[in-house]
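Participant:
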Amino acid sequence: MSILGINNRTENWETARQFAPILLDGCARVQLARKLGEYLGTSRADVDLELFWKGMRDYKYQTKINDEELLKQCAEAYSNGSFQNLCGRIKNFNDVNNQNPSRSLMMAKNYDVLDCDKQKDLLNNLLNTEIDIVLETPRHFYVGEAKKESSFGATGGYVLVHQLIREYVMASVLLNLKGISKKVVPFLVVDEKKRASVMRHGQVRFMMRQGWLKEANVLTWAYIERLRS
6 MSILGINNRT ENWETARQFA PILLDGCARV QLARKLGEYL GTSRADVDLE
56 LFWKGMRDYK YQTKINDEEL LKQCAEAYSN GSFQNLCGRI KNFNDVNNQN
106 PSRSLMMAKN YDVLDCDKQK DLLNNLLNTE IDIVLETPRH FYVGEAKKES
156 SFGATGGYVL VHQLIREYVM ASVLLNLKGI SKKVVPFLVV DEKKRASVMR
206 HGQVRFMMRQ GWLKEANVLT WAYIERLRS
């Protein structure tokens, strides 16, 4: 399909085109969740799917919480939880890969949010983070990033510099704020021909090293096409 004879090549369009049918297909939602590690007993009614999800922004709107209080809560959840030494873990990852700088992660020091200005930037990053595909089940929260041609983003001006890490942190912090103990499970949807190169990407390697991303959860568009058909 095209407009003015020009094909739409954006990843959001491809994601919407491929996943929109799954929104209304309970069997496909369950199959996708099980592919990502969901329990066999989970039913169609137990799997919700949403696209282009800005959870922290919508949480702020729904709760009417003011910026000062939300900033405090997010900073506490980040600093006192599993991300308190995230800066150090990224530095260690870079040290391991110092012979291959292309696999290292830039601006590791940005992840240290001890001062107030960094905490304000952290909140801004969380509020503006969008996740392409989200599946929620009774025990898991699956967060997916869809890629076609572009690479994974890295923005040096952010506290949460790297796209995949930023999405994982946002989902984890938000669940913490809501007092929900579900496990965050990242996944990727990529071109089959590019899967091998994706697996070598620094952000992907870091996520896997932390145990946050499983190799089996790097899916392909071909799998999604089969799923929706």
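Per the working numbering, the very first residue in the sequence shown carries number 6; after that it's consecutive. The C-beta atom is built at its ideal place from N, Cα and C for all residues, glycine as well.
Would you check if the distance between the CB atom of valine 166 and the CB atom of alanine 159 is smaller than 9 angstroms?
Facilitator: For valine 166 and alanine 159, yes; Cβs fall inside 9 angstroms.
Participant: So leucine 180 and valine 189 are in contact, right, with Cβ under 8 angstroms, and what is the actual spacing, rounded?
Facilitator: Going by Cβ atoms, the distance from leucine 180 to valine 189 rounds to 7 angstroms, so yes, they are a contact pair.
Participant: Rounded to whole angstroms, what's the CA-CA distance from proline 26 to arginine 233? Just pull it up for me.
Facilitator: About 7 angstroms.
Participant: When burial is assigned at 16 or more other CB atoms within 10 Å of the CB, is leucine 45 buried or exposed?
Facilitator: Looking at its Cβ environment, which holds fewer than 16 other Cβ atoms inside 10 Å, leucine 45 is exposed.
Participant: Can you tell which of Val164, Ser186 and Leu132 has the C-alpha that lies nearest to the C-alpha of lysine 114?
Facilitator: The shortest C-alpha separation from lysine 114 is found at Val164.
Participant: Nearest by alpha-carbon distance to glycine 93: which of Ala80, Ser155, Met112 and Cys79 is it?
Facilitator: Of the candidates Ala80, Ser155, Met112 and Cys79, the one whose C-alpha sits nearest the C-alpha of glycine 93 is Met112.
Participant: When the Cβ atoms of the segment 146-159 are set against those of the segment 125-135, are three or more pairs found closer than 8 angstroms?
Facilitator: Segments in contact, no.
Participant: Along the alpha helix (DSSP H) that carries leucine 132, what are the first and last residues, could you check?
Facilitator: Here the alpha helix (DSSP H) through leucine 132 covers 121-132.
Participant: Run through DSSP, which three-state label would valine 166 get?
Facilitator: DSSP places valine 166 in coil when its eight states are reduced to three.
Participant: Taking Cβ positions, are glutamine 208 and isoleucine 170 nearer each other than 9 angstroms?
Facilitator: Yes, the Cβ-Cβ distance between glutamine 208 and isoleucine 170 is below 9 angstroms.
Participant: For aspartate 63, does the three-state DSSP call read helix, strand or coil?
Facilitator: Looking at aspartate 63 - three-state DSSP - the assignment turns out to be helix.
Participant: Please determine, among Trp58, Ala50 and Gly162, the residue with the shortest C-alpha to C-alpha distance to tyrosine 147.
Facilitator: Closest by alpha carbon: Trp58.
Participant: Just tell me which of Leu224, Val178, Leu193 and Val35 has its CA closest to the CA of aspartate 137.
Facilitator: Considering only alpha carbons, the answer is Leu193.
Participant: Thinking C-alpha only, which one of Ser109, Asn133, Met213 and Ala33 is nearest glycine 60?
Facilitator: With distances taken between Cα atoms, glycine 60 lies closest to Asn133.
Participant: Between phenylalanine 98 and arginine 214, is the Cβ-Cβ spacing less than 9 angstroms?
Facilitator: Yes, the Cβ-Cβ distance between phenylalanine 98 and arginine 214 is below 9 angstroms.
Participant: Can you name, in chain order, every residue of its own chain whose Cβ lies under 8 angstroms from the Cβ of glutamate 172, other than the five neighbours on each side?
Facilitator: Once the five neighbours on either side are set aside, the close Cβ partners of glutamate 172 are Thr134, Ile136, Val148, Glu150 and Pro191.
Participant: Express the C-alpha separation of glutamate 81 and arginine 144 in angstroms, rounding to a whole number.
Facilitator: If I take the Cα positions, the gap works out to 24 angstroms.
Participant: So, under 8 angstroms CB-CB, phenylalanine 211 and isoleucine 95 are touching, yes? Tell me the CB distance rounded to an integer number of Å.
Facilitator: With 8 angstroms as the limit, phenylalanine 211 and isoleucine 95 qualify as a contact, their Cβ atoms being about 7 angstroms apart.
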